[in-house]
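Notes follow the structure.
Numbering (my numbering), first residue to last: 1170 to 1830.
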């Protein structure tokens, strides 16, 4: 397949009207839908923003390459757009973007499409192509530029392949000391469509200019291509990993290795190669892969971002236990309250037992996967055990897990988080400690040393340090929450509900939900924990309901696409799926987010004021039969949603579209 098959005059915008990143994405996505490339504009835009959150696709030099590959895309295509004024697209070099390439590939795209997309991406490294595109005024010119560039690249690639083959044979006949330096590497990005191949092309070109052989393996959407051979890795002077996702690392054990984001491979290939040639790259040890990866993440994201990533890994694995167990327990309470037999009803006993069993795994799973995110697989078992020790009280199952024999509270959720981080970093320490053991005992480490010492150390730390401290902390928090007066409770529920709307599924939202669900998991029968769960659910339901209200009753303030999305938000709001409001927030964050935060906080205030309880960790209004004040639970949600919907809709300016079209 040729690049020209992916380009079409109908998928080109020669003068973008957008002036912001949000408007540019929406304008391009709108054309994708009109031309039948995309079948769900809202979900497609979400996937584009998800990629932007990983790292900006504004690669610098006035170019941006937003891209996605998912089920909402019907066919592989490239949309070309040009902005004469330039748009602030949060590009890596901080400069305005003038050329946009929105690359799309369906979930089942075949290799011919993907190869064409890869070739197009690599052409954008050529400054002559970029300059020609900036000067183009018609879609036909754009297609001709790519036709010519592709033909030249095919011819050059063929000549280069013959030349490399001849040079490789010549180099192989030389003594090792006289051979030209070889650097190997791997490039990979999250979607594997564009950045992967641009980084490969940039590194190879930079190597040519420096007189160095460069061999790059790509880990893109079509799988691993140009796979490095053991012989190449053995001969290589060093390794460059330009990747935003995990790659096969143990094969590089003992080599000088640089690990950077994929965009560094595109923008700083010369510097990366020079660092290897000048011996500035550290030696990579396979046993220390977790710490190396973690150090790189800290360099790229910062300490708190690294902590957040590891914590979210644990929470994402824990949530199915919380939600599944919590909903079954919630159903069991309905059975207990509304069916004959009450607590002796067999259905109640079965459902409540199943829910409690899932809850029993919550803290161990949380701790285990925090540990695994930090220290890889060897840290999983110590994390599980540490989490289990945090979850049970002395005497449970005949075990004593706390040096304070009189403890009446487990270390709980907070103790589990501590156990996970301690187990993860402890395993990194053990790996470094044993890094220089002879290779003859290499197999002993994962099968003997790590499990035994990992278990011993985490048990000692939990028994004598973490559990005594956190059992007291947990007891104090539980006692404080249960004895909280109405005034303080109202403030707490306002804050929790408001946080749910700040980023609609992001760190603030997750922090509020985890705080409430953690308190609920510690004591599912706590009235205060049930009030906090009601507050976060009301706070999370307000944003989608507010956008649904706005698009229904104030149609002239919203675009046709927003009105269409607003219909589905009635169901999403009812089901406590806050993310339904994200497209609205992305398109107009200055108005939508403050409006939703105010509305959610009002709903949270009413929850605290009326002591509304919902003893379930999820479910939205579907679990309203569990509430002690069913009608007031609905009223708090409706009032908060109306407040947010009115503020948002009166604040927004009327759109130019015909609302009845």
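Ideal Cβ positions, reconstructed from N, Cα and C, are used throughout, including at glycine. Owing to the predicted nature of the structure, the values given are computational and were not obtained by experimental measurement.
Exposure of residue i, with buried meaning 16 or more beta-carbon neighbours within 10 Å
i            : result
residue 1309 : exposed
residue 1679 : buried
residue 1545 : buried
residue 1433 : buried
residue 1542 : buried
residue 1178 : exposed
residue 1604 : exposed
residue 1449 : exposed
residue 1238 : buried
residue 1331 : exposed
residue 1300 : exposed
residue 1395 : exposed
residue 1461 : Note that residue 1461 has pLDDT 41, beneath the 50 cutoff, so the model's placement of it is unreliable and the number below is only indicative. Flag for residue 1461 reads buried.
residue 1194 : buried
residue 1508 : exposed
residue 1484 : buried
CB of residue i within 8 angstroms of CB of residue j, strictly
i            : j            : result
residue 1251 : residue 1183 : yes
residue 1435 : residue 1272 : no
residue 1809 : residue 1769 : yes
residue 1269 : residue 1233 : yes
residue 1776 : residue 1703 : yes
residue 1431 : residue 1412 : yes
residue 1200 : residue 1175 : no
residue 1753 : residue 1716 : yes
residue 1225 : residue 1187 : no
residue 1700 : residue 1781 : yes
residue 1588 : residue 1635 : yes
residue 1779 : residue 1800 : no
residue 1275 : residue 1245 : yes
Neighbourhood of residue i by C-beta, 6 angstroms cutoff - its chain only, sequence neighbours within 5 removed
i            : result
residue 1764 : 1813, 1816, 1817
residue 1585 : 1532, 1535, 1536, 1556, 1559
residue 1476 : none
residue 1527 : 1490, 1493, 1494
residue 1421 : 1408, 1453
Other residues of its chain near residue i: CB distance less than 7 angstroms, five sequence neighbours each side excluded
i            : result
residue 1445 : 1352, 1406, 1407, 1409, 1425, 1427
residue 1795 : 1499, 1502, 1503, 1783, 1784, 1785
residue 1726 : 1719, 1818, 1821, 1823, 1824
residue 1208 : 1241, 1243
residue 1615 : 1547
Same chain, Cβ closer than 8 angstroms to residue i, five either side skipped, listed in chain order
i            : result
residue 1751 : 1215, 1218, 1673, 1674
residue 1623 : 1547, 1548, 1550, 1551, 1592, 1595, 1596, 1599
residue 1722 : 1814, 1818
residue 1458 : Annotation note: pLDDT 39 at residue 1458 (below 50); position unreliable, coordinate value reported separately. Same-chain partners within the cutoff: 1418, 1419, 1545.
residue 1760 : 1817, 1820, 1821
Residue i versus residue j: straight-line alpha-carbon distance, rounded
i            : j            : result
residue 1368 : residue 1823 : 44 angstroms
residue 1661 : residue 1311 : 57 angstroms
residue 1402 : residue 1384 : 10 angstroms
residue 1625 : residue 1633 : 12 angstroms
residue 1697 : residue 1658 : 8 angstroms
residue 1740 : residue 1321 : 53 angstroms
residue 1198 : residue 1220 : 14 angstroms
residue 1738 : residue 1706 : 15 angstroms
residue 1356 : residue 1685 : 41 angstroms
residue 1121 : residue 1666 : For the chain, the structure presents residues 1170 to 1830; residue 1121 sits outside this window and is missing.
residue 1774 : residue 1758 : 24 angstroms
residue 1670 : residue 1733 : 21 angstroms
residue 1349 : residue 1404 : 10 angstroms
residue 1442 : residue 1429 : 12 angstroms
residue 1325 : residue 1730 : 45 angstroms
Run of the alpha helix (DSSP H) containing residue i, from where it starts to where it stops
i            : result
residue 1238 : Where residue 1238 is concerned, there is no enclosing alpha helix (DSSP H), although the beta strand (DSSP E) it sits in stretches over 1236-1239.
residue 1303 : 1296-1304
residue 1786 : Premise fails: residue 1786 is in no alpha helix (DSSP H) and is neither H nor E.
residue 1750 : First-last for residue 1750: undefined, no H or E at that position.
residue 1444 : 1438-1446
residue 1364 : 1364-1378
residue 1806 : 1799-1820
residue 1178 : Segment: none, residue 1178 is in no alpha helix (DSSP H) and carries neither H nor E.
For residue i, the first and last residue of its enclosing beta strand (DSSP E)
i            : result
residue 1275 : 1266-1275
residue 1408 : 1407-1412
residue 1389 : 1382-1389
residue 1353 : 1351-1357
residue 1247 : 1246-1256
residue 1228 : 1227-1229
residue 1429 : 1426-1429
Proximity test, Cβ basis, 8 angstroms: residue i and chain C
i            : result
residue 1393 : Protein chains in the displayed structure number just one, and chain C is not present.
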